[in-house]
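The structure under discussion appears below in the form of C-alpha cells.
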Amino acid sequence: MTEIVPGRTALEDVEEALKDVIDPELGVNVVDLGLLYGLKYSDDDGALLIDMTLTTAACPLTDVLEEQVGKALESVVDDWRLNWVWMPPWGPERITDDGKDQMRALGFNI
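The sequence shown begins at 1 in UniProt numbering and counts up one residue at a time.
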C-alpha cells in the first residue's frame, strides 16, 4: 500500500502521467517499455526522483525525453529530478504486456 503524504502526488498517479512520455524511436510510452526503473520522493527536499534508462546508453534523445517528462509532470508535481540509470541495462523482457501490444500495433514483431 502506498503511503499518502499531504502535498505529494501518489506515485501511481505520477506513473500514469509518465505514460504520456513516448520513446521517439519506438513510439511506445516509457512506462510500458520498461524504461522507468523507479520513483520516489527525496527525504531532503521532497522532489520527485525518477530513475529511468534508455534502450541503449548511446541513445542521443535524452534531451527530448527530459523535455517530455517535464511536460507530463508540470501539473502533477512541483519539483522533480531525472537520474539516468544504466545498470542493469534495459532489455526487451522489461516491456509490459500493454507495451508489447502497442509495439505489435506499430508493426514490430515482438
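Note that beta-carbon positions come from the ideal geometry of N, C-alpha and C, so glycine has one too.
Exercise for review: Could you have a look at residue 73 and say whether DSSP puts it in helix, strand or coil?
Suggested key: In the sequence shown, residue 73 corresponds to position 73, counting from 1. Helix at residue 73.
Review point. Near residue 31, what residues of its chain come up, given a Cβ to Cβ distance below 7 Å and the 5 sequence neighbours on each side ignored?
Key: Taking the first residue of the sequence shown as 1, we reach residue 31 at position 31. Excluding sequence neighbours, residue 31 sits near 15, 18 and 19.
**Study point:** Cut-off 6 Å between Cβ atoms - residues of its own chain near residue 68, not counting five sequence neighbours on either side
**Key:** If you number the sequence shown from 1, residue 68 lands on position 68. Excluding sequence neighbours, residue 68 sits near 21.
Practice item. Evaluate contact between the region 68-86 and the region 100-109, counting only Cβ atoms and requiring at least three cross-stretch pairs below 8 Å. Key: The region 68-86 vs the region 100-109: no contact.
Review point. Which value, in whole angstroms, describes the spacing of the CA atoms of residue 82 and residue 56?
Key: Stepping through the sequence shown from its first residue, residue 82 is reached at position 82. Stepping through the sequence shown from its first residue, residue 56 is reached at position 56. So the alpha carbons of these two residues sit roughly 17 Å apart.
Practice item. Give every residue of the same chain whose Cβ lies closer than 6 Å to the Cβ of residue 96, excluding the five residues on either side of it in the sequence, and list them in chain order. Key: Taking the first residue of the sequence shown as position 1, residue 96 is located at position 96. Residues 32 of the same chain have their beta carbon placed closer than 6 Å to that of residue 96, with the five preceding and five following residues left out of the count.
Exercise for review: Inspect the beta-carbon positions of residue 53 and residue 80 and report whether they are closer than 8 Å.
Suggested key: By 1-based counting over the sequence shown, the position of residue 53 is 53. By 1-based counting over the sequence shown, the position of residue 80 is 80. The criterion of a C-beta distance shorter than 8 Å is not satisfied by residue 53 and residue 80.
**Study point:** Cβ-based burial, residue 103 [other Cβ within 10 Å; buried from 16]
**Key:** Your numbering for residue 103 matches position 103 in the sequence shown. Its Cβ being crowded by 16 or more others within 10 Å, residue 103 is buried.
Point to revise | Simplified DSSP assignment, three categories, for residue 51 | key: Within the sequence shown, residue 51 is the residue found at index 51, counting from 1. Residue 51 falls in the strand class under three-state DSSP.
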